[in-house]
Structures are given as structure tokens and as C-alpha cells.
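Numbering (my numbering), first residue to last: 699 to 906. C-beta atoms are modelled at their ideal positions from N, C-alpha and C, and glycine is treated no differently. Fair warning: this is a prediction, and the values are worked out from it, not measured in the lab. Each remark here refers to the structure printed beneath this line.
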Amino acid sequence: MSNLVKMKHRKADLIGLNSNVYFQKQPNLLDKRAALVLNADYRPLSYLPLSVWPWQDAIKAKFLDRVSVIAEYDDTVHSPSISIKIPSVVVLRDYIRPSRSSAFTRFNLFLRDEFSCQYCGKKGEMTFDHVMPKCRGGKTTWENVVAACSSCNLRKGSRDLKSSGMKVLKKPTKPSVEVLMNKGRKFPPNYLHESWMDFLYWDAELES
Ligand SMILES: [Zn+2]
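Here it is in C-alpha cells:
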């Protein structure tokens with residue numbers, strides 16, 4: 699079985715939800731002949747979304763000498779004077795230092811909770827819930843907001859944990875950038891070129 703096929707099986711196991719709901723942001727990567735972009739340490743710049751450039755950007759960066767090309771598609775683009783193979787993996791010449799703090803965004807919060815309800819564990823379409831409701835002084839912070847399915851959200855209403863009799867499966871905390879990055883690895887996009895596999899999901903390959 700090819701790595702790509704293996705990965706697709708693996709992906710279905712890992713996600714356990716309708717990935718189309720969340721991952722339509724990178725459609726047609728194949729059509730775009732996207733290049734996987736690695737930091738100077740050969741790790742992807744980001745996992746979710748996976749750091750990719752359209753081929754035009756990859757070729758431009760190559761000519762500006764900002765990247766080295768380490769794998770190519772079979773396809774070639776032509777200009778009047780030259781023809782060049784489309785890069786499938788590029789690595790930045792200069793290391794980009796990753797941000798130290800996780801941005802408090804809706805998406806990152808869902809990612810921290812792995813798109814699963816923090817009350818019942820169900821996966822799928824999520825809403826947000828303030829553990830201590832806003833109307834009781836609860837803040838909108840990493841420590842007080844969790845992903846919740848709509849039925850748990852409705853059931854809890856504007857009550858606090860104690861009076862609702864509900865429990866959070868895991869105490870919500872601010873995740874480190876590294877934790878988010880690792881969680882992002884569990885949600886690969888729909889298209890992965892085989893040349894990307896050497897730089898992605900090593901652990902998934904080992905386990906399969
Ligand atoms: Zn629930």
C-alpha cells in the first residue's frame with residue numbers, strides 16, 4: 699500500500715468527523731500543484747493549515763533564492779526562455795522563529811479540544827461554551843471556554859458546572875504552540891503529495 703493510501707486510511711481513523719466541514723480551506727491543492735513549505739530546520743512551517751504555496755509562489759521564491767527546492771512534480775512550466783519543473787517541496791533558507799504564544803482564536807480552541815465536546819466527548823459540529831457562564835462573570839479565556847456539542851450546550855444553559863451537574867472531561871488550559879502543532883498533525887488536508895510524506899506524520903507512519 700502506498701504511503702498516501704495508508705495516510706488516507708489513517709486520517710479517517712484520526713479525524714472521526716466529517717473533515718469536509720473543517721478542511722475545505724485548502725481545496726484543489728493538486729490542481730494548484732502546491733509546494734509543501736518547510737522551515738530551515740526541515741519541519742513544516744505549520745500543520746494546520748498545512749504550510750503550502752501555490753506553484754507560482756514556489757517558483758518565484760526559488761528565483762529570489764529564498765528557498766531550496768528538494769522535490770519536484772513531473773510537470774514543467776515554460777516561459778519563452780526557460781522551462782522549469784514545478785517544486786513540490788521547498789525549504790526556506792532563513793529560519794523563521796515560530797510564535798511563542800498560541801493565538802486565542804475560535805479555530806485554535808477547537809483544535810485544542812480536538813473538535814470534540816468537552817462534556818460528552820462527541821465529535822462533529824461544535825459550539826463554544828463558557829464553563830462559568832458570562833452572565834455569572836465568566837471570562838472568555840482559554841481557561842473558561844470549551845468546545846461543546848449543541849445538545850450539551852443547550853442542556854447546560856446558563857448554569858455553572860455545579861448546578862448543571864455536568865463535568866468537563868479535561869480542565870481547560872492554554873495550550874502551548876507545540877501542543878497545538880502536534881494536534882494539527884492529526885488533521886491532514888485532503889490532498890498530500892507523496893513527496894511530502896518524508897516531512898510529515900512520521901509518527902502516524904510508524905504506528906500504521
Ligand atoms: Zn456534548
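Status (buried if at least 16 other CB within 10 Å, exposed otherwise) for residue i
{"i": "F802", "result": "exposed"}
{"i": "C847", "result": "buried"}
{"i": "N880", "result": "exposed"}
{"i": "D773", "result": "exposed"}
{"i": "P747", "result": "exposed"}
{"i": "K723", "result": "Caution is warranted here: a pLDDT of 41 is assigned to K723, below 50, making its placement in the model unreliable, and the coordinate value is therefore given only provisionally. Counting Cβ neighbours within 10 Å, K723 comes out exposed, since fewer than 16 surround it."}
{"i": "L890", "result": "buried"}
{"i": "L852", "result": "exposed"}
Residue i Cβ short of 8 Å to ligand 1 heavy atom set
{"i": "G819", "result": "yes"}
{"i": "S862", "result": "no"}
{"i": "S849", "result": "yes"}
{"i": "C833", "result": "no"}
{"i": "A759", "result": "no"}
{"i": "A738", "result": "no"}
{"i": "A846", "result": "yes"}
Other residues of its chain near residue i: CB distance less than 7 Å, five sequence neighbours each side excluded
{"i": "C818", "result": "C847, C850"}
{"i": "A738", "result": "V789, L790, R791, D792, Y793"}
{"i": "A759", "result": "V765, V788"}
{"i": "S800", "result": "N806, K872, P873, S874, V875, L878"}
{"i": "W840", "result": "F802, P870, T871, K872"}
Same chain, Cβ closer than 6 Å to residue i, five either side skipped, listed in chain order
{"i": "F826", "result": "V843"}
{"i": "V719", "result": "For V719, the predicted structure reports a pLDDT of 33, less than 50, and the residue's modelled location is therefore unreliable. A value from the coordinates is still provided. There are no such residues."}
{"i": "D763", "result": "none"}
Contact with chain B by residue i, beta-carbon distance below 9 Å
{"i": "N888", "result": "The chain labelled as chain B is not found in the depicted structure, where only one protein chain is given."}
Nearest-angstrom Cα separation, counted from residue j out to residue i
{"i": "G835", "j": "S766", "result": "52 Å"}
{"i": "P887", "j": "F897", "result": "14 Å"}
{"i": "I782", "j": "Q754", "result": "11 Å"}
{"i": "F885", "j": "S749", "result": "13 Å"}
{"i": "K854", "j": "S874", "result": "28 Å"}
{"i": "Y740", "j": "L734", "result": "11 Å"}
{"i": "M830", "j": "K872", "result": "16 Å"}
{"i": "R795", "j": "E823", "result": "33 Å"}
{"i": "E892", "j": "A769", "result": "10 Å"}
{"i": "R883", "j": "A732", "result": "18 Å"}
{"i": "L743", "j": "F761", "result": "20 Å"}
{"i": "R810", "j": "T838", "result": "15 Å"}
{"i": "W894", "j": "S779", "result": "30 Å"}
Own chain partners of residue i with C-beta closer than 8 Å, once the 5 adjacent residues on each side are dropped
{"i": "C833", "result": "S856"}
{"i": "I757", "result": "V775, I782, I784, P785"}
{"i": "V866", "result": "Q816, Y817, V829, V844, L859"}
{"i": "R804", "result": "F826"}
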